[in-house]
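Using numbering that gives the first Met the number 0, count along the sequence shown one by one with no gaps and you end on 257.
Where is the CB? At the ideal position from N, CA and C, for every residue including glycine.
A quick note: this is a predicted structure, and the numbers were derived from the prediction, not measured.
Following: one structure in structure tokens, then a few remarks.
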Amino acid sequence: MPTLSNPLFDLTGKTALVTGSSRGLGRAMAEGLAAAGATVVLNGANPDRLAAATEEMRQAGRKVGSACFDITDEAAIVAAFERFDADGVAIDILVNNAGIQLRKPMVELTTPEWRTVIETNLTSAFVVGREAARRMIPRGAGKIINIGSLTSELARATVAPYTVAKGGIKMLTKAMAAEWAGSGLQANAIGPGYMITDMNQALIDNPAFDAWVKGRTPAKRWGKPEELVGTAVFLASSASDYVNGQIIYVDGGMLSVL
Ligand code: GCO
């Protein structure tokens with residue numbers, strides 16, 4: 000991980016909670032925020048996977064803790080933030096990353112399946128964001144980074160609930176800015192393009208889809224999770240103190256071309 004040269008991007012003394020950070024994009028962003036000086040609180044619902052990730056980062060010398068809770072369980076979220084309060088942990092940076100994908104034509108989709116994706120990918124960002132903001136507002140400062148998607152802008156067949164949720168993430172980010180910017184918080188979003196993750200492995204392994212991504216993306220390749228780190232550090236740092244309600248696409252140019 001490259002070292003920092005500009006204090007604007009220095010996260011020393013800050014604590015960052017990254018939901019869904021045992022692996023994938025969340026883990027990559029957690030590593031990057033830690034490399035920029037933050038103390039990172041990893042989150043996941045699977046205690047074994049979370050403990051392993053936490054230990055790996057601790058062995059690497061990172062300042063890291065963990066909070067095991069399911070981001071679809073409001074009581075668990077509230078209890079986690081009450082534990083932060085009791086332990087004197089102030090969450091300065093929240094990355095609402097946790098999410099799932101469910102690929103199925105809408106005519107075959109059940110309503111419970113629809114609700115599960117919306118709850119996991121959108122409602123969770125509201126609930127965790129609300130709990131974080133309730134603590135950030137009295138401090139007059141805080142950074143909220145929601146993770147959107149190319150599908151925050153464009154739809155793809157068979158991923159309707161994911162698309163609707165990620166479109167909601169874009170507008171939730173603006174709603175957070177509308178209500179909380181005046182209290183010193185900055186709420187923004189990152190829209191990853193087609194990234195190499197476990198969630199996308201089935202697509203990567205599909206030669207036709209792989210060729211489509213490489214042909215449709217000006218950069219002619221899938222993105223790497225660590226390629227989100229620069230944008231995450233920017234939005235988590237004082238370098239973005241006058242940036243609010245924005246979504247920054249890290250997509251190899253896909254959204255910019257027909
Ligand atoms: C899909 C993928 C996408 C990517 C990403 C693109 O099935 O099309 O899962 O949704 O994960 O969100 O920005």
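Under the DSSP definition of a beta bridge, K142 partners with I92 and Q185. Between T172 and A186, the gap from beta carbon to beta carbon is short of 7 Å. As DSSP reads the structure, T38 sits in a beta bridge with T14.
Burial of P191 is indicated by the presence of at least 16 other C-beta atoms within 10 angstroms of its C-beta.
G19 and C67 have their C-alpha atoms roughly 10 Å apart. Per the coordinates, the alpha-carbon of E54 lies some 34 Å from the alpha-carbon of G183.
When rounded, the separation of the alpha-carbon atoms in G214 and A78 is 46 Å. The residues W179, in chain order, have a CB closer than 6 Å to that of A132 in the same chain once the five nearest residues on each side in sequence are set aside. If you look at V63, you'll find it in the beta strand (DSSP E) that goes V63 to C67. Under the three-state reduction of DSSP output, I195 falls in the coil class, being neither helix nor strand.
Looking at A218, I146, S237 and A176, the one whose alpha-carbon comes closest to that of I247 is I146.
Considering only A97, V116 and V94, the residue with the shortest C-alpha distance to K103 is V116. Here DSSP, grouped into helix, strand and coil, assigns I99 to coil.
In this model, G12 and G251 are separated by some 32 Å (Cα to Cα). When DSSP states are grouped into helix, strand and coil, G128 belongs to the helix group. Bounds of the alpha helix (DSSP H) holding I203 are Q200 to I203. According to the DSSP assignment, V249 belongs to the beta strand (DSSP E) that extends over I246 to V249.
A distance criterion of 6 Å places the beta-carbon of Q58 beyond contact range of the ligand GCO, judged by its closest non-hydrogen atom.
In the DSSP assignment, the residues bridged to G43 are C67.
Using a 10 angstroms sphere on the CB of N243, the tally of other CB atoms reaches 16 or more, which defines it as buried. With a contact defined as Cβ atoms closer than 8 Å, N120 and Y161 qualify at about 6 Å. The closest heavy atom of the ligand GCO lies 6 Å or more from the beta carbon of L49. In the displayed model, G252 falls within coil according to three-state DSSP, outside both helix and strand.
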